[in-house]
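J.:
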Amino acid sequence: MQPFFMAIIDIIRSRRSVRSYKPDPLTEDQIKAILHAGMLAPSAHNHQPWNFIVITNRDAINRLSMSVQGYLGDKLSASDAISYFGSQERVDRVKKRLELKEDTVFYGAPCVVMVVVDKANLEYGPIDCGMAAENMCLYAREQGIASCIIGYARHASREELIRVGMKESQELMFGMVFGYSDQMDGDPDRDFNKIQKWQK
Numbered sequence: 130m131q132p133f134f135m136a137i138i139d140i141i142r143s144r145r146s147v148r149s150y151k152p153d154p155l156t157e158d159q160i161k162a163i164l165h166a167g168m169l170a171p172s173a174h175n176h177q178p179w180n181f182i183v184i185t186n187r188d189a190i191n192r193l194s195m196s197v198q199g200y201l202g203d204k205l206s207a208s209d210a211i212s213y214f215g216s217q218e219r220v221d222r223v224k225k226r227l228e229l230k231e232d233t234v235f236y237g238a239p240c241v242v243m244v245v246v247d248k249a250n251l252e253y254g255p256i257d258c259g260m261a262a263e264n265m266c267l268y269a270r271e272q273g274i275a276s277c278i279i280g281y282a283r284h285a286s287r288e289e290l291i292r293v294g295m296k297e298s299q300e301l302m303f304g305m306v307f308g309y310s311d312q313m314d315g316d317p318d319r320d321f322n323k324i325q326k327w328q329k
């Protein structure tokens, strides 16, 4: 697929969190370019705390997915499930996903990226990594590649995370997935009334 070029505001407006992927793999050069965009992000004192673990091996992705699904299954059966997931609607949605018995965490994407930082960088590292992640998502969009940030990846077992390359001295911030979309882009509602106060 050839990349298409867009104005930055159009990229921002059209980016979507995609939750269904074609199996077609990305090339190593495509993945490296996405990671490079992340590494161009600003960070506190230019500390650049992010480290990326790239996973394209399907067995490894499935192991991580099953690990997270086990955690979510336990949460669904707990008495405070609605409190944890936020609403009965979300409880039902997660339950339905888990019943599919597929990669319901990473949505079948061919490329998973785990974003990790050293434990010593946990004060500002999450902010820095968030900026790096948005760079990656926007660059991917500009290249015709879909993406989604996976917060639930934080609940993968530490054993599985270390198995794919995380160090004992590191913590996982979140996961990300990249690939070619297998769904129609939606048009989610946006609430633009979020300027709480403008002190003049």
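Residue numbers for the sequence shown follow the working numbering, beginning at 130 and rising by one. For each residue, glycine too, the CB sits at the ideal point set by N, CA and C.
1) Between Asn264 and Ala166, which are expected to be in contact by the criterion C-beta below 8 Å, what is the C-beta distance as a whole number of angstroms?
2) Quick one: complete beta strand (DSSP E) runs, 3+ long, within the stretch 172 to 197?
3) Expressed to the nearest angstrom, what Euclidean distance is found between the alpha-carbon atoms of Leu290 and Val244?
4) Secondary structure at Leu155, three-state DSSP: helix, strand or coil?
5) Tell me whether Asp247 sits in a helix, a strand or coil according to DSSP, three-state version.
6) Tell me the residue span of the beta strand (DSSP E) that contains Met302.
7) Any idea what DSSP makes of Val234, helix, strand or coil?
8) Check Val147 in the structure and name its three-state DSSP category.
9) Just to confirm, is the Cβ distance from Cys258 to Val306 under 8 Å?
10) Is DSSP giving Ile160 helix, strand or coil here?
11) Quick check on Ser206: does DSSP put it in helix, strand or coil?
12) Just tell me which of Ile182, Gly280, Ile137 and Arg270 has its CA closest to the CA of Arg292.
13) Based on DSSP bridge pairs, tell me the residues matched to Ala170.
14) Beta carbon of Ser310, beta carbon of Tyr200: below 8 Å?
15) Just grab the DSSP bridge partners of Cys277 for me.
16) From which residue to which residue does the alpha helix (DSSP H) around Gln217 run?
17) When you compare each of Pro154, Leu155, Gly215 and Asp203 to His284 by their alpha carbons, which one comes out closest?
18) Taking just the CA atoms, how far does Ile141 sit from Ile324?
19) Considering only their Cβ atoms, is the gap separating Ala282 from Val223 smaller than 8 Å?
T.: Result, derived from the coordinates:
1) Locating residue 264 in the sequence shown gives position 135, counting from the first residue. Locating residue 166 in the sequence shown gives position 37, counting from the first residue. The pair is a contact, with the Cβ atoms about 5 Å apart (cut-off 8 Å).
2) 180 to 184
3) On the sequence shown, residue 290 is found 161 positions in, with the first residue counted as 1. On the sequence shown, residue 244 is found 115 positions in, with the first residue counted as 1. Each residue's Cα considered, the two are about 11 Å apart.
4) Residue numbering aside, residue 155 sits at position 26 when the sequence shown is read from its first letter. Note: Leu155 maps to coil in three-state DSSP.
5) Here residue 247 refers to the residue found at position 118 of the sequence shown. Strand, per DSSP.
6) The residue you call residue 302 lines up with position 173 of the sequence shown. Taken as a continuous stretch (DSSP letters only), the beta strand (DSSP E) holding Met302 covers Gln299 to Gly308.
7) Here residue 234 corresponds to residue number 105 of the sequence shown, with the count starting at 1. The answer is coil: DSSP assigns Val234 none of H, G, I, E or B.
8) As a first step, residue 147 is located in the sequence shown; it is residue number 18 there, counting from the start. Looking at Val147 - three-state DSSP - the assignment turns out to be coil, as it is neither helix nor strand.
9) Position 129 of the sequence shown holds residue 258. Position 177 of the sequence shown holds residue 306. No, the Cβ-Cβ distance between Cys258 and Val306 is not below 8 Å.
10) As a first step, residue 160 must be located in the sequence shown, where it is residue number 31. Three-state result, Ile160: helix.
11) Walking along the sequence shown from the start, residue 206 turns up at place 77. Three-state DSSP puts Ser206 in coil, outside helix and strand.
12) Taking the sequence shown and counting its residues from 1, the one referred to as residue 292 is at position 163. That would be Ile182, whose Cα lies nearest to the Cα of Arg292.
13) By one-based count along the sequence shown, residue 170 stands at place 41. Ala170 is not bridged to any residue.
14) Your numbering for residue 310 matches position 181 in the sequence shown. Your numbering for residue 200 matches position 71 in the sequence shown. Contact flag unset, no.
15) The count along the sequence shown starts at 1 and reaches residue 277 at position 148. Paired residues: Val306.
16) One-based indexing of the sequence shown puts residue 217 at position 88. Gln217 to Glu228 is the span of the alpha helix (DSSP H), which, as asked, contains Gln217.
17) Sequence index remark: in the sequence shown, residue 284 carries index 155 (1-based). With distances taken between Cα atoms, His284 lies closest to Asp203.
18) One-based indexing of the sequence shown puts residue 324 at position 195. One-based indexing of the sequence shown puts residue 141 at position 12. Each residue's Cα considered, the two are about 19 Å apart.
19) To locate residue 223, count along the sequence shown from 1; it is residue 94. To locate residue 282, count along the sequence shown from 1; it is residue 153. Not closer than 8 Å, so no.
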